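Residue numbers (the numbering used here), protein chains in the order written: chain A, 1 to 337; chain B, 338 to 674; chain C, 675 to 1011; chain D, 1012 to 1348. Where a beta carbon is used, it is the ideal one built from N, C-alpha and C, also for glycine. This structure is a prediction, so every number in the text was calculated from the model and none was measured. For reference, the structure is listed below as structure tokens.
Number of protein chains: 4
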Amino acid sequence: MNKLKVGIIGAGRIGQVHAKSITYHIPQAEILAVSDIYVEGAKKLAEELGIPNYYEDYHEILNNPEIDAVLVCSSTDTHADITIEAAKAGKHIFCEKPVDLTVDKIKAVIDAVNKAGVKLQIGFNRRYDHNFAQIKDLANKGKIGNLQTIKITSRDPEPPPISYVKVSGGIFLDMTVHDFDMARFIGGEVEEVYVNAAVLVNPVIGEAGDVDTALVSLKFKNGAIGVIDNCRRAAYGYDQRLEVFGSNGQASASNDTPTNVEFIDENGAVTDKPLYFFLERYMESFTKEMNEFIDCVLNDKETKTTVYDGLEALRMGLAAKKSLAEHRPVKLSEIEQ
Amino acid sequence: MNKLKVGIIGAGRIGQVHAKSITYHIPQAEILAVSDIYVEGAKKLAEELGIPNYYEDYHEILNNPEIDAVLVCSSTDTHADITIEAAKAGKHIFCEKPVDLTVDKIKAVIDAVNKAGVKLQIGFNRRYDHNFAQIKDLANKGKIGNLQTIKITSRDPEPPPISYVKVSGGIFLDMTVHDFDMARFIGGEVEEVYVNAAVLVNPVIGEAGDVDTALVSLKFKNGAIGVIDNCRRAAYGYDQRLEVFGSNGQASASNDTPTNVEFIDENGAVTDKPLYFFLERYMESFTKEMNEFIDCVLNDKETKTTVYDGLEALRMGLAAKKSLAEHRPVKLSEIEQ
Amino acid sequence: MNKLKVGIIGAGRIGQVHAKSITYHIPQAEILAVSDIYVEGAKKLAEELGIPNYYEDYHEILNNPEIDAVLVCSSTDTHADITIEAAKAGKHIFCEKPVDLTVDKIKAVIDAVNKAGVKLQIGFNRRYDHNFAQIKDLANKGKIGNLQTIKITSRDPEPPPISYVKVSGGIFLDMTVHDFDMARFIGGEVEEVYVNAAVLVNPVIGEAGDVDTALVSLKFKNGAIGVIDNCRRAAYGYDQRLEVFGSNGQASASNDTPTNVEFIDENGAVTDKPLYFFLERYMESFTKEMNEFIDCVLNDKETKTTVYDGLEALRMGLAAKKSLAEHRPVKLSEIEQ
Amino acid sequence: MNKLKVGIIGAGRIGQVHAKSITYHIPQAEILAVSDIYVEGAKKLAEELGIPNYYEDYHEILNNPEIDAVLVCSSTDTHADITIEAAKAGKHIFCEKPVDLTVDKIKAVIDAVNKAGVKLQIGFNRRYDHNFAQIKDLANKGKIGNLQTIKITSRDPEPPPISYVKVSGGIFLDMTVHDFDMARFIGGEVEEVYVNAAVLVNPVIGEAGDVDTALVSLKFKNGAIGVIDNCRRAAYGYDQRLEVFGSNGQASASNDTPTNVEFIDENGAVTDKPLYFFLERYMESFTKEMNEFIDCVLNDKETKTTVYDGLEALRMGLAAKKSLAEHRPVKLSEIEQ
């Protein structure tokens, strides 16, 4: 078999996840090199997985003519620039989300990729989750009927460090962005966003100009409505659920748990909390998205999770920020396209 | 035992429910008379339950000095006037919701009741439901912690006749009113309402000036936020759920079902749809609210579900209508108090 | 309507249950009299429910020509004799289980009833339970297919007083008898019984010659197999479940609970224990069986839960005792018919 | 790190599972060689996983002084002989179950292993399943209390080929053997076995001298009782559950499913069937058992799942066969030790 040759830029948490997916579960691809500005991290990962090369400078990956595709797993502020460089170098690209926090930069990425004629897939892994993919499948088959209401529950077990909150673009760009994509994945394009939010977890988050608890109302272009329930901290762990109501029925996904054991005594019946945290909960989905990317490149298929999806999720996030600031519903058309 | 003597005004569906609760389950009370403008209905109910008197004119009940308390179960447009008359006649009153569709009328009721010094309980029966009462109890005990987010799901199996929609005041006054009360029951006073709604079930409802699918965002005075999910038609039946999130944990109530049987074959595992409809789902709660009313009168306790609750639920409904009309969040303070 | 006139013999716990079912839920019948050797109990029940007559001596009920049917709710040792007397008096009879602890006595009952041509229904109320009746219905419709394995879980929350264990005939006659009837209800006639049992709850039960924890294996005549899981004490309450496996699928009933509320915090997700105890768990089934009895008498239908069912459940119990004593499988044909 | 050098004897289904566990998930070990009498299978596996050597003759593995440990994944009839040879060659051994179908052979294995002083772990992977391990943990912690009743449900989705049934030793040696081990894992040593069984799935199985549906009653030495529910074919798939009742409470494990999605429409609420089949259901447990074996060898710990466990599970199977043949309870002491 002619294996796809891959380079990984960024050996942090998510870079390691993708490296292991390819090494252990995707025989159609092999990793030729990994880079990280913290080169010890690249070295460690290379040794653990038997990757033949590791570098400090990602240009060594871009300049390697043997490498067909790169995974951009570096810090968010570098995603767009590296992706543009990679496109110019003729590499197919898997880029972690968010692509960027500005519409302009994402449009520059789109231009570069189109010009180079390379493939680009964005890391909205939750589309590949077993539960959510099954709901999408039920919707596609018409089992749910015409969509009425979409309800997404997405609550983290702990807030990120306040230093992260200050640079991430805030809850709507760093956390809800996944849910915005899920909303579009299930319900299609969104027309309007309204935010009802508060600071209930930690006042320091409020002092940093952000909120930590939010209900984001959505109007879809097809007429359906939706709501996303976010919180930076759920006492019981990582809460990831979805309910979709339509004219024919309702599909819902409850949380995954470590076991299916129930213990019952005089105090009641106890079952597990949800899986903690996203690496456990979504591990399988990371492998599936990578598998799809490799397949698209090897077999010259269109990628399904595109930079346009990244752009629209960003625009929803920007609309949410505007809604919060101006305390009114905001149309997506008010946000730069 | 000195039984409380009760008269029932209105022998329709809900009048029958209360009559049976008292006859079968509340030995502390007995029904002396029932009235209905459709006197055959009153006669039939009297015969079935062994009630000694039935009338066409409810004044015969109000004028009977033996009767201590009346249940106002007539049509909505008569609730306020009959309640005021009953108060003047010195009767304790259980009045079905909604008390009225205007703030002025409800304030007149409050005045009359205060002047007469009689007790008045409003029929927000869902407060007495086993599931929701248990969640309230968990909240009271501090198990949930500081409230963050309240999510109410309340979907009817079928829309009411369009003739009803035209006079009921619309979905927010005839259907969501229960959920507004539930929101206040769990989360306390509400400061602001925002409506995201659509006509997705039946365009005739839209032509009548109403919506049939809605997500109502709430801001509570204590800082918590909430959302009510309503639909006039759920293909799978009557969907009545509640989720309450707080700093310590989450309490949720799933639907009641006819049985706990699961059947599994090669097509999957099948369980029951929710109980259909409110008479089945909430039957126990109707008995419990009536029991509390009888107890309050007999033992001179304050009623817990008051006309003030009726007023505030109405004001939330009016705020929701205004939000829909003006496409913006509406503060409760904008609504006449 | 020509109401059926009923007399109740025995005003204890189960007599009260049936009296309330008829008074509150079965308008086709009325109770003319209640008797109890503890006459104060009869008086109290009569006053509470407005029953016009109460007696110490049940013969006053049997001798009342106005009474069409009697409910035999007295102590077990009197069931057979009173039923025979009632049959001779021409009354239709509802008799609580067990009819008797000996085959001979039950056969005498059968003779008397046949000779008198009156109807006799036995109080195996669990056949009328919503969960188990639905499983029976699934079986009848062929959804489960050819029966393979039937598993009954039936665990009490607390053992009865040791004085009761000594006279009840032991666990297989006072407790498992319900499960033997359920096994026959679902699986048909039984051919062989094998008992695997122990004293694990309370050694005093063992000293009284009984066991408190048992697994009773069953072979059905149709070739299917089954097992009954009994325990005198389940720490978590009253455990009443059923699983039926067939060539097409499996139907199972889980426990009923007071609410459908889940509370989840850092310690896990907690739901309710089962309903405690049989009066709560099976209340609805008591009303349904009584309704069927009244209907059979009024409309001259065959009763469906017959003295033959009582006889066979007894014989299974006797076979179980023999299996335990002789430590071997025992055929039903070894037990007097 | 000094990696453990492993050879795998047998490149069939289970050999591949272990090879992938080590390659992908156990960095502490590496596979030096794989053998299979069907050498093409060994070659294919070696190429897929980058194993440097493959052989037809397993002696090349035993003779390789670099190899520390071997996995015996060949056909059942060769397990004992190869294990004895491997012990003589000084290799640590992981041997798939069953070790053998005779007590004598297993005792010869025990002797050889003891003499050689090598480690031997048996492949009872279900002990490492997330659900069952959690129940064991609850039992160890005393949460369940003194054991009363253990119920194991173990139903296959399809019967094996009839050719396999004829040589496997029958259902109690090829299928129930897992459940016998689970019973001992949870409940300790067993004293007596009684079989209630039938041919309900396929008469050809009966003609081959076996049964296909069974309830196996167990008496444990500690006084607890138990039952195993087996069937060669469950219409709804692979049914693997466990319930453990004790003086303090009950722990139960329900089936694992592909997703946690529920779809509800007018026909009811549908959820997934169990995971199909053991490679999906127990995949994680195969990795965990292998991890434990590697750890025991590397760190000179005692293996926890021993050949003695294999012997006792076999003896329970032989007792079950005897019970079926002689239609009586059979004590383990009647079976050769």
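Where does residue i fall in DSSP's three states?
i: R578/B; result: strand
i: H178/A; result: helix
i: T83/A; result: helix
i: V1212/D; result: coil
i: N737/C; result: coil
i: L661/B; result: helix
i: A927/C; result: strand
i: K641/B; result: coil
i: I335/A; result: coil
i: F951/C; result: coil
i: K288/A; result: helix
i: K5/A; result: strand
i: G1257/D; result: strand
Which residues in chain F have a C-beta closer than 9 Å to the C-beta of residue i? List them in chain order.
i: D1276/D; result: Of the protein chains in the structure, A, B, C and D, none is chain F.
Starting from residue i, follow its DSSP beta bridges and name the residues at the other end.
i: L1226/D; result: N1207/D and D1240/D
i: C432/B; result: V409/B and I459/B
i: T271/A; result: A943/C
i: A313/A; result: BP columns for A313/A are empty, so no partner.
i: V527/B; result: F557/B
i: F1183/D; result: Answer is none; F1183/D lacks a bridge partner.
Hey, out of the options, whose CA is closest to residue i's CA?
i: F180/A; options: N125/A, G206/A, K143/A and N202/A; result: N125/A
i: V1201/D; options: G1023/D, K1342/D, I1037/D and L1015/D; result: K1342/D
i: L1253/D; options: I1042/D, S1265/D, V1017/D and I1121/D; result: S1265/D
i: N1213/D; options: I1239/D, A1245/D, I1197/D and H1189/D; result: A1245/D
i: A707/C; options: S921/C, Y732/C, P701/C and K781/C; result: Y732/C
i: I968/C; options: N738/C, E740/C, L794/C and L775/C; result: L794/C
i: P595/B; options: V1114/D, A1280/D and S1228/D; result: A1280/D
i: V885/C; options: G920/C, F960/C and N904/C; result: N904/C
i: L298/A; options: V17/A, Q28/A and D309/A; result: Q28/A
i: V1174/D; options: G1220/D, G1234/D and N1151/D; result: The question names Val, yet the displayed sequence has Ser at residue 1174/D. Closest option to S1174/D, Cα to Cα, is G1220/D.
i: A782/C; options: D946/C, I758/C, G764/C and I767/C; result: I758/C
i: S154/A; options: A183/A, I144/A, D137/A and A87/A; result: A183/A
So, is residue i buried or exposed, given that buried needs 16 or more other C-beta atoms within 10 angstroms?
i: Q1011/C; result: exposed
i: L953/C; result: exposed
i: D36/A; result: buried
i: Y912/C; result: buried
i: A1336/D; result: exposed
i: S1263/D; result: buried
i: S749/C; result: exposed
i: D593/B; result: buried
i: K694/C; result: buried
i: Y802/C; result: buried
i: P98/A; result: buried
i: S670/B; result: exposed
i: D1122/D; result: exposed
i: Y375/B; result: exposed
i: G1153/D; result: exposed
i: P1340/D; result: buried
Q) Can you list, in chain order, the stretches of the alpha helix (DSSP H) that have 4 or more residues and sit fully within the stretch 780 to 836 of chain C? A) Inside the stretch 780 to 836 of chain C, DSSP marks whole alpha helix (DSSP H) runs of 4 or more residues at positions 804 to 814, from first to last along the chain.
task: Could you pull out every unbroken beta strand (DSSP E) segment of at least 3 residues lying fully inside the stretch 701 to 740 of chain C, listed in chain order?
output: Listed in chain order, the complete beta strand (DSSP E) runs (minimum 3 residues) inside the stretch 701 to 740 of chain C are 703 to 709 and 727 to 729.
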